[in-house]
Amino acid sequence: MVHLHLSWAFPPSSVTWRQDGFWNRFIRNMTCINKRCDSRPFKEESSMCGRFSATFTWKDLTNRWPIEQDLTPPWTPRFNIAPGQNVLTIGQRMNGQWKAAWVHWGVSVHHSLLINARRESVQNKPLFREGYHHQRVIVPADGFYEWERSTRQPFRFTLDTLFAIAGILIASPARDFWYVVLLTTQADGVIQPIHDRMPWVLTDEQVPVWLGRQSHAYQSLTVVSKSWHVYPVSKKINNAQNDSPDLILPCPVDGHL
C-alpha cells in the first residue's frame, strides 16, 4: 500500500497554521490516486459501508457545493470505491472556503484497517475525538453497497442524486499523513433487512453545519430518514480492482430484479 504524505487544509489543533503554505505543501506532495485495495483485514466500529460509488462529474460536484475549482489529481467518476484507496473529501479551510482533496480511506490500527466509526459514540473514543471536534469532512457519493449476509448478494443503495457522507480525519502519529473514516448510524427503511448499519448521510442543510468551524452546532445534528432505492448488482463488485459503469447496473437474482 502506498501512503501519501499529506498536509491537510486544517491541521490538528496542536499544529500552528497561519498561511496557505500549509495547503500548498499538500498539493505538491499529492501525486497520484492509489487505486489498489488494501489487503489488510478491516477493523470496523461498525461492519458496514465498505464500498461506495461516486459516478458523478466534476461539474455535478461544483454545482452542488461551493468548492474551489482545482483538484490534483483531477476527478474521474468511480463505480467501486474500496477501503485502502484514496477518496474525495470536502472540508472547510480556516478562511471559510470549502476545499476538495484526496485522502486515504482507513487508518491502520493493530495491523487492521479501521474504516468506519459509529456516530453514536464517535465523540467518546480517544482515536476519533480530535477528528470529530476539529477535522470534520464530507465524502461525496451517489450510492453505497451492502451484502446480504446469508447469500452474499451485493445490493446498491441510491438516492438518485449525489449525497454527502459524514467523515472525520485522523492524523498519523508524525502528523504527516491524513486518513479518513466514514461515520455510520443505525439502518432504517429498506436498508435494515440487509444490514443493521448504514452511512450517516447529511442533508443539504446539515452539510455547512457539519463543516463549520465557528460553532458547536455540529454536535446537535441528528439522522434524517431518506427514501433509499435498492437493487441487486453483479458480484463483480466483490473485486476492488473492478471499476466500470456496468457495476452499478441492476443484476437479476433468481430471475428477478
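The numbering of the sequence shown is UniProt numbering, which starts it at 1 and goes up by one. Just so it is clear, CB atoms sit at the ideal spot from N, CA and C, and this is done for glycine as well.
Endpoints, alpha helix (DSSP H) assigned at residue i
i           : result
residue 213 : Taken as a continuous stretch (DSSP letters only), residue 213 belongs to no alpha helix (DSSP H), as it is neither H nor E.
residue 58  : 58-64
Assigned exposure category for residue i - 16 Cβ within 10 Å defines buried
i           : result
residue 85  : buried
residue 146 : buried
residue 46  : In this prediction, residue 46 has a pLDDT of 42, which is less than 50 and means its spatial position is unreliable; what the coordinates show is noted afterwards. Buried is the call here.
residue 104 : buried
residue 279 : As shown, the chain starts at 1 and ends at 257. That puts residue 279 outside it, with no answer to give.
residue 88  : buried
residue 80  : buried
residue 139 : buried
Residue range of the beta strand (DSSP E) that includes residue i
i           : result
residue 229 : 229-232
residue 205 : No beta strand (DSSP E) contains residue 205, which DSSP labels as neither H nor E.
residue 140 : 136-141
residue 104 : 98-105
residue 167 : 163-171
residue 53  : 52-54
Residue i - DSSP class collapsed to helix/strand/coil
i           : result
residue 71  : coil
residue 158 : strand
residue 80  : strand
residue 45  : With a pLDDT of only 46 at residue 45, under the threshold of 50, the placement of this residue in the model should not be trusted, and no figure is reported.
residue 220 : helix
residue 133 : helix
residue 258 : Residue 258 is absent from the structure shown; the chain starts at 1 and stops at 257.
residue 86  : strand
residue 177 : coil
residue 262 : Not covered by the structure: residue 262. The range shown for the chain is 1 to 257.
residue 92  : strand
residue 237 : helix
residue 23  : Note that residue 23 scores 36 on pLDDT, short of 50, meaning its location in the model is unreliable; the coordinates nonetheless yield the value given after this. Residue 23: helix per DSSP, three-state reduction.
residue 153 : coil
residue 261 : Residue 261 falls outside the range modelled here, since the chain spans only 1 to 257, and no answer is possible.
Expected contact under 8 Å - CB spacing of residue i and residue j to nearest Å
i           : j           : result
residue 199 : residue 211 : Not quite, the Cβ-Cβ distance comes to about 17 Å (not below 8 Å), so this is no contact.
residue 169 : residue 135 : 4 Å
residue 141 : residue 127 : At roughly 23 Å, the Cβ-Cβ gap does not stay under 8 Å, so residue 141 and residue 127 are not in contact.
residue 83  : residue 131 : About 17 Å; that fails the 8 Å criterion.
residue 143 : residue 156 : 5 Å
residue 159 : residue 59  : Not really, about 19 Å apart at Cβ, beyond 8 Å.
Rounded straight-line distance, which links the Cα of residue j to that of residue i
i           : j           : result
residue 267 : residue 187 : In the structure displayed, the chain extends from 1 to 257; residue 267 sits before or after that span and is not available.
residue 62  : residue 178 : 23 Å
residue 213 : residue 234 : 41 Å
residue 201 : residue 219 : 15 Å
Short CB-CB distance (under 7 Å) between residue i and chain B
i           : result
residue 147 : Judged by its chain identifiers, the structure shown contains no chain B, having just a single protein chain.
Check: residue i C-beta below 6 Å from any heavy atom of the ligand PLP
i           : result
residue 120 : Absent from the structure shown: the ligand PLP. Ligands present: none.
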